[in-house]
Structure formats: structure tokens, C-alpha cells
Amino acid sequence: MPIVVYNTRTGSKAPLEPIEPGHIKMYVCGITAYDYCHIGHARSALVFDMIVRYLRYRGYRVTFVRNFTDIDDKIIKRAQEQNTTCEELSERFIRLFHEDMARLGVAPPTLEPKATEHVGEIIALIESLIARGLAYQVGNDVYYKVERFAGYGALSGRSLDDMQAGARVSVNENKAHPMDFALWKGSKPGEPTWESPWGPGRPGWHIECSAMSRKYLGDTFDIHGGGKDLVFPHHENEIAQSEGASGRPFVKVWIHHGFVTIKDEKMSKSLGNFLTIREVLEKYSAEVLRLFVFSTHYRNPLDYSESAMNDAAAGLDRLYAALAEISQLPEEGKNGATSAINAKDREKLTALEARFQQAMDNDFNTAQAMAHFFEAVKTMNKVRQALPAAPAEGDLALLRESAATLRQLAAILGLLTEEPATYMAAKKSALLAGLAITEAEIESLIAARNQARKEKDFARADAIRDELLMKQIEIKDSPTGTTWSVKAF
RNA sequence: GGCGGCGUAGCCAAGUGGUAAGGCAGUGGUCUGCAAAACCAUUAUUCAGCGGUUCAAAUCCGCUCGCCGCCUCCA
């Protein structure tokens, strides 16, 4: 069964068929490096990280290019404000971006090219567009002539007439058509400058992606991605540039993910409702954020809230707790003992990977894929509890294999990457650190309570339990002894 | 004004023609001295509303209402 992917350009899903068999070439628009990254950037990084990992898991070789925009109006402005150079500013935020990605566990792309390192390619591309009559020089600027490109508007589903009707198209006396966009901008004093046939200047925003994708992936490649807000004008303009210059189709499949919203509004600087990745990671682990991000389909909006994050944290704990229990099962079972697992449960466990693939093959449906994780965990818990004192070797093996499969699949989403027992212990001690009681005190109170229970002094036993509960310690009696955990909130 | 998307239980969310996944929260039960955890059961005769197509629709079509996004930098 092929992987089916939604293509923005066609507005429908179609099987993914790489141009070069077994090899997917993908380009994703990265950040403009002038500020801290917010959780919208995190979603983008996480979604494409998941896609790359899944494609590799399915046996594809993936060449993944994600660029940095390191020269741009915003960078120039911010650098001036901070009394620094564009180079220093962008290098600083690229470094911070890498830190964020490392903390999120995002695998590095194959290549991370920067616009300023490809000015030569950019100039060559602009020259060929001028030669083909698709671009024109005005003063020290060069503009793309949108009316000369027949397919303009095909990606975003709008026509030049529609857009002219809109009141928000800026009027520029230099442009032949209001929708023409800059390929090259003559520089003003104090701005970073490169020499060009049109005088000193710098690249426009869109041209860098056309130049870099062509250099590393060729005229035509498989997947181009980014946030929904890049559909127009950025990606529309990239198509015009790349296809205009090469005369060949630019991209087979366009993948665009939805926004992160807060109270159902898009995060934006102007609304002041954005949260940086670091702010979120102060409160929640990377895996909690990942579980939250993957709990909805990548094309839908994702509304951030504390309660949504807490739900995600509770869900993650549930998965880890089940795995930790299985890791503590006896090493060896009874050979030849009859299985305590019924056919239905056995099937549920053995079918996990097939169901996961089915969900993910359908346009990377992570929400459905994770539902299968939770169902598998439910079955694992059920089976584990039903195990007799001397469980069959085969049953133990099935549980261990299921747990291993679950972790392997979850790793594609960057989840359950920690050793479950370690995760539970670390969580416990992290919570304990914030409490007014030590582990030794807890242990001694539990010992006292168990003594009381032995003597059937339940009033005293309950008093001790209540005392512990007051200190956020919850206890759990089992045939093998009493364990405890820290109760959140 | 143009274009596009969304509206599924208390909350989040999958399902895009065959009779409503999953998570969080809640309730009842099993277990327990009592609890907790886990498990089992249960929580939408119904998918914003109204029409239409069909043997069959949350899923397709039309209209209405509500929310959001893009058209300007934006993940």
C-alpha cells in the first residue's frame, strides 16, 4: 500500500510516487533568523521531522533540505535596533534555533543552506528570468513579471484579477503590475550589499528558495513544505520563478500544515499572543509537546492551552506507566504453560504495527496512529493483570515484544524515547524535589503503616495514609508490597 | 470585497458513502481492610441548522448560521 498525501496544489490526496524510485527529495521553508522561535515554528519542525522519520521507516531514502533566511527586511531592521550586524543577529538566532531543535529532539536535515551563501546562484537565476522575459529591471531593483507566467495563482487558487480587487495590494510606482514582486532589491545606505549586474543590492525573499532548492534537489523534486501562510505569496512566487526559469514542473507535492492558535486565534507578534519554544519547554517536556502536536492532524489548526498540555502530559504518563510495568515483569516464564491471552487481545497486540502504518499512510494521520498506541496499551494492561502467578513464557514474550514495537513506532513521532522505568523514576524525583518530604521519610511512614495494617490497626494505617496524602504522596498496595507516587497538583 | 478551511459527547479529537476510534474529565463495578493504580462497563439513536441525491450520509450536493485563515511580514 502506498503512502497517500494531500497536495495543496490539487486539493486532494494522491499516492506518493517519488521521481527517483525509493528516494524522496524534500524542501521545507525554514525560519527567518531574527527572533526566538515560537511554538508555531515548533509545530512546523515537528511535523516535517515526523514526515521524514516516517518516510525513512517506510524504507525511503530522504534528502531533506531546510533553509535559513538570513537576509531580509526584518533582519536589517532588528539588527539596526540592536546595534549589531545582520550577520551577527542571524547567526545568533540560528544558533538558538538549533538549541531549540535539539531540545525538541528534531533530527537535523540533510542540508541547511543559507540565503547569503547562495547569492551567486540567485543572481544567475534572476539573469535567466530576465533573459526569458519574465523579469525586468527598474533602477537597481529587479521585478518578476507575473502576467507573463501563465500558471500564476494555480497553487493558491486565485487569479490576478481577484487579487487586484483586494484593497491590500501595495502600490509601487516602479512595478508594471501591482502583483509583481522583487527578485533583487537595490540596497540603501548601511544595508548589507552584494554586487550584481543591477548594481549593489540584495536578494528578494522568494528567490532564495528557488535558487537553493534547484541547487540541491534539481529542477523538479518531490515535496515542498511549509506553513499554510506560505502558500501565498511565497510558494506561489517560488513556482513562478522556478518553472519560469527551468521550463519544467517545480514540485510534485505541496504539503502545508495548519497554525498553532491560542484561544482560536493565530499566534502573531502583532497580537502579542505567541509563546516561544523555550517558554513552553520550561513547563512541559518535549515529548508532552510532541504528543500535543500530534494529537490533531497536521493540516488542522492546533489550539494551545494549559489544559490541552496537561491532558497530553497525562496521556504520556499513561503510556510510560504501562511500559514500565511490563519492564518489571519476571525475566522467565513457565515453559509449556497455557497462554492466558485470548485470541482477540493477541490479535490487537500483533496488529499494532499494521494499524499504525495504515493510519500514517493516510496523509500522516498521527492522531489516529496515537489512538492505536492507547488501544495497545489498554490491551497490554489488561493482559498483564490477567497473568497468573507463573505466567507462560510465550505470554511474557508477547508483552515484551508488544512493548518494544510500541516504543519503536512511537519513536517515529519522537515519543517514548526514554527508558520507561527511568522516566517514571525521574518523574517521581522531579515531583518529589518540590515537596516538603524526603524519600526516606516516606519509606519510614509506609513501613509504620504496614506494621499497623499487620496489626489490623486500620485507623492508624489510614491516618498515616492521609498524612502522606496531605504531602501529595499517594500509596498503592499490591501483593508484592506498597509503592508510592507523587500526586500532581 | 476575493479565495480557502472548520463546526463530531463536559473538553480535545479521528472517521470523508455502509451504520460514531482514541485521549482527558465523570459515573457504576472488579480488586482492596478501606483506598490508589489498573481493568471492565457506562457517557453523542447522533455528527451546527435546513433541504436534496442515494438502498444507505457525519461523510456527496445546495442554502443558512457561527468561527477561523490567506489576500501585507509570518510556521
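Residue numbering for the first sequence follows our numbering, beginning at 7 and increasing consecutively. Using N, Cα and C, we set each Cβ at its ideal position, and we do this for glycine too.
**Message:** Is it buried or exposed, Thr38, if we count other Cβ atoms within 10 angstroms and call 16 or more buried?
**Reply:** buried
**Request:** May I ask you to report which of helix, strand or coil DSSP gives Phe187?
**Result:** strand
**Message:** Buried or exposed, going by whether 16 or more other CB atoms sit within 10 Å of the CB of Thr16?
**Reply:** exposed
**Request:** Just confirm the distance between the C-beta atoms of Ile25 and Asp228, as a whole number of angstroms; I'd bet it's less than 8 Å.
**Result:** 6 Å
**Asked** With which residues is Ser50 paired in a DSSP beta bridge?
**Response** DSSP lists no partner for Ser50.
**Prompt:** If Phe370 sits next to Met56, beta carbons under 8 Å apart, how far is it from one beta carbon to the other, in whole angstroms?
**Reply:** 7 Å
**Asked** What does a CB cutoff of less than 8 Å around Gln88 pick up in its chain, not counting 5 residues either side in sequence?
**Response** Leu95
**Residue of Ala395, Glu359 and Asp401 minimising C-alpha distance to Glu2** = Outside the displayed span of the chain (7 to 495) sits residue 2, for which this structure offers no information.
**Message:** For Arg254, which residues in the same chain have their Cβ closer than 8 Å to its Cβ, ignoring the five residues on either side in sequence?
**Reply:** Asp225 and Thr226
**Asked** Secondary structure at Arg138, three-state DSSP: helix, strand or coil?
**Response** coil
**Message:** Distance check for Arg324 and Glu242, CA to CA, integer angstroms please.
**Reply:** 44 Å
**Prompt:** Among residues of its own chain, excluding the 5 on either side of Leu61, which ones have a beta-carbon nearer than 6 Å to its beta-carbon?
**Reply:** Ile30 and Val68
**Item:** Exposed unless 16 or more other CB atoms sit within 10 angstroms - verdict on Arg406
**Value:** exposed
**Request:** With DSSP collapsed to three states, give me the class of Arg62.
**Result:** helix
**Prompt:** Would Phe99 be called buried (16 or more neighbouring beta carbons within 10 Å of its own) or exposed?
**Reply:** buried
**Asked** So, using beta-carbon positions, are Ala458 and Arg466 closer together than 9 Å?
**Response** yes
**Message:** Following a CB-centred definition, is Asp147 positioned closer than 8 Å to any heavy atom of the ligand NAD?
**Reply:** For the structure depicted, the ligand NAD is absent and the ligand set is empty, with no information on it obtainable.
**Request:** Would you mind reading off the limits of the beta strand (DSSP E) that contains Phe70?
**Result:** Arg67 to Arg72
**Asked** Which value, in whole angstroms, describes the spacing of the CA atoms of Thr116 and Ser408?
**Response** 32 Å
**Prompt:** Taking the C-alpha atoms as reference points, what is the distance between Leu402 and Leu393?
**Reply:** 9 Å
**Message:** So, does the region 234 to 250 touch the region 149 to 168, judging by three or more C-beta pairs under 8 Å?
**Reply:** yes
**Asked** What's the gap between the Cα of Lys482 and the Cα of Glu285?
**Response** 34 Å
**Request:** With DSSP as the reference, label Ala173 as helix, strand or coil.
**Result:** Caution applies to Ala173, whose pLDDT of 48 falls short of 50 and renders its modelled position unreliable; the model cannot decide the point.
**Prompt:** Where Leu355 and Thr385 are concerned, what is the direct C-alpha to C-alpha distance, given to the nearest angstrom?
**Reply:** 7 Å
**Request:** Ignore the nearest five residues each way along the sequence and tell me which others in Glu449's own chain have a CB closer than 8 Å to its CB.
**Result:** none
**Request:** Give me whichever residues DSSP pairs with Arg208 in a beta bridge.
**Result:** Lys191
**Asked** DSSP state of Ile443, grouped into three classes?
**Response** coil
**Asked** Just reading off the beta strand (DSSP E) that Val259 is part of, what are its end residues?
**Response** Val257 to His263
**Asked** Are Pro206 and Glu133 close, meaning C-beta to C-beta below 9 Å?
**Response** no
**Request:** Please go through the same chain and pick out, in chain order, the residues whose beta-carbon is closer than 8 Å to the beta-carbon of Gly172, but skip the five residues on each side of it.
**Result:** Low confidence applies here, because Gly172 scores a pLDDT of 49, under 50, leaving its location unreliable; read the following figure in that light. Counting only Cβ-Cβ distances below 8 Å, and skipping sequence neighbours, we find nothing.
**Request:** Please say whether Phe70 and Val34 have beta carbons closer to each other than 9 Å?
**Result:** yes
**Asked** Smallest Cα separation from Glu338: which of Pro397, Tyr290 and Lys493?
**Response** Pro397
**Request:** Flag this pair as touching only if the region 308 to 317 and the region 265 to 276 have three or more C-beta atom pairs under 8 Å; answer yes or no.
**Result:** yes
**Request:** Look at Phe74 and Gly36 and say whether their C-beta atoms are less than 9 Å apart.
**Result:** yes
**Asked** Exposed or buried, which one is Leu277 when buried takes at least 16 other CB atoms within 10 Å?
**Response** exposed
**Request:** Identify whether Gln334 lies in helix, strand or coil by the three-state DSSP scheme.
**Result:** coil
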